[in-house]
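Protein chains in written order, with numbering that gives the first Met the number 0: chain A, 0 to 199; chain B, 0 to 245.
The next block holds one structure in the form of structure tokens; read it before the comments.
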Amino acid sequence: MNSAIQPSADWEIGSLKLSMEVVCSMAVNSLRQRIGRAVLTLLTITTATAFMMYLLTMPRSTDPVDIQSWRLMMILSLVVSGAGVLNTMLMSVTQRYREIGTMKCLGALDSFILYSVLLEAAILGLVGAFAGAVAGLIISILLALADHGGEVFQAMEIANLPGKLVFVFLVGMALTTLGALFPAFIASKMPPMDAMRGEK
Amino acid sequence: MDDTVEYTVMTRDVVKVYRMGDTEVRALDGVDVTIRTGEYISIMGPSGSGKTTLFNAIGGLMKPTSGNVFIDEIDVAQLDANELAWLRCRKIGYIFQSYNIVKVMTALENVTLPMLFGGVPPDEAQDRAVEILTRVGLGDRILHTPKELSGGQQQRVAIARAFANQPAIILADEPTANLDIHTGEEIIELMKEMNRERGVTVICSTHDHKMLDISDRIVWMRDGKVQKIANRADVDIEINTMKEKH
Ligand SMILES: Nc1ncnc2c1ncn2[C@@H]1O[C@H](COP(=O)(O)OP(=O)(O)OP(=O)(O)O)[C@@H](O)[C@H]1O
Ligand SMILES: [Mg+2]
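Okay, structure coming up:
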């Protein structure tokens, strides 16, 4: 019984190796443990990405004035949904500073903190941005169907559709991971006690 | 090394200043302590005297404003991030005053964490965690999350977690503050046992005079300074006078 509690023999300062296996299991566990939060975050990412996809593919009038306002809409939507995703990720990581600090106290490597938070964000980004790109396209088709009946595809902006899908997916994914990267990097470099108090 | 006493922790003129706006708090104001390998040290002092801050400095959990902390004659300030992580992971076991157990994780997952960071294979880490949790009397609570545990039970998770990587030094910040007398004594006994049998150095802060009985030396702190250091043998009289006062 006592064998579990005995000091190891060598006291030389050693070094720790990063185990990608542990990073992965920790990221997946963390999502599972906070599934409610994860679903909300996903919703934000999906909605933002879907909105972008819809704007890129919705039927457009050829009136130059309309095109002008469409451009403006597109830019605004990018800013609004981009900021939304960034903010969501920022908040969800900053809320965990205490937990990150605790893990650092227990010997988590800086790289472990960084990678596990990033991987978690990347999983959310992958699922959310994919679902969003597809959902945006479907919404676009449905709305065009309602307005234009059988001539949906003539009405819609389907030129280079795969390119648009990939573009929107990548933007959604990038925003998600970038939003997590910044606070995760800061937290991973902080002395544990500062992180635990959530200090910048 | 052989003809001198071996020291494991040494602090030299450690100062920690917290700045809040215009006011400064000198949480540590020039602390010099030297702790021998295998020693059981109790740190006493009124609330706010700097005990927790000293622990954080010794454990490499924060940077002192000035001064040095040596662990096994290595200046902690000279360590790189990876070596610091190793120190926190393998060399030192922390029991925090406020437990600091991860809220979303079960007792088992919490105790497994430092072992996973230390490179213990997950299966082995799990087995060991179960064993230690059983040892601290939580064998039937391993899958509970902190919110399903009482304060004393959370304290015991924190204690099990501190023992997980078989550290050479245990830093225990009021480990029995939230335990009933019986469990508290069990925990102290456990630490004493590790200290006696395995030579683990125990540094323990406490308000509990009963704890003094088992310490080798007692350090009194006040206002961020070491007020005095006494050997166990010299303390009996003082304990009695203290008892009279209370
Ligand atoms: N993060 C902080 N910011 C500002 N002041 C701090 C901070 N942490 C501690 N202090 C101050 O430093 C002093 C020492 O605090 P510390 O927590 O080390 O005391 P302590 O001896 O552990 O007390 P207790 O017995 O109540 O746990 C206190 O005056 C406290 O207000
Ligand atoms: Mg304290």
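Every residue, glycine too, gets a C-beta built ideally from N, C-alpha and C.
Q) What residues from chain A crowd round residue 88 (chain B), counting only those whose CB sits closer than 7 Å? A) 15, 105 and 106
Q) The beta strand (DSSP E) spanning residue 94 (chain B) covers which residue range? A) 91-94
Q) Can you give the beta carbon distance from residue 106 (chain B) to residue 148 (chain B), rounded, assuming they're within the 8 Å contact cut? A) 7 Å
Q. Rounded to a whole number of angstroms, what is the C-alpha to C-alpha distance between residue 19 (chain A) and residue 25 (chain A)?
A. 10 Å
Q | Extent of the continuous beta strand (DSSP E) to which residue 203 (chain B) belongs | A | 200-204
Q. For residue 146 (chain A), does the three-state DSSP call read helix, strand or coil?
A. helix
Q. Buried or exposed: which applies to residue 196 (chain B), given that a residue is buried once 16 or more other Cβ atoms fall within 10 Å of its Cβ?
A. exposed
Q) Which same chain residues, not among the five before or five after residue 164 (chain A), have their C-beta less than 6 Å away from its C-beta? A) 132
Q. Closer than 8 Å, CB to CB, is residue 190 (chain A) near chain B or not?
A. yes
Q) Buried or exposed: which applies to residue 18 (chain B), given that a residue is buried once 16 or more other Cβ atoms fall within 10 Å of its Cβ? A) exposed
(Q) Within 8 Å of any Cβ in chain A, is that where the Cβ of residue 15 (chain B) sits? (A) no
Q: Could you tell me if the beta carbon of residue 224 (chain B) falls within a distance shorter than 7 Å of some heavy atom in ligand 1?
A: no
(Q) Distance check for residue 162 (chain A) and residue 87 (chain B), CA to CA, integer angstroms please. (A) 49 Å
Q: Flag residue 93 (chain A) as yes if its beta-carbon sits less than 8 Å from any beta-carbon of chain B, otherwise no.
A: no
Q) Closer than 8 Å, CB to CB, is residue 79 (chain A) near chain B or not? A) no
Q | Per-residue contacts from residue 55 (chain B) into chain A (C-beta, under 7 Å) | A | 192
Q: Give a yes or no on whether the C-beta atoms belonging to residue 246 (chain B) and residue 98 (chain B) are separated by under 8 Å.
A: What the structure shows of chain B is the stretch from 0 to 245, and residue 246 (chain B) is not part of that stretch, so it cannot be assessed.
Q) When the Cβ atoms of the region 148-163 of chain B are set against those of the region 178-187 of chain B, are three or more pairs found closer than 8 Å? A) yes
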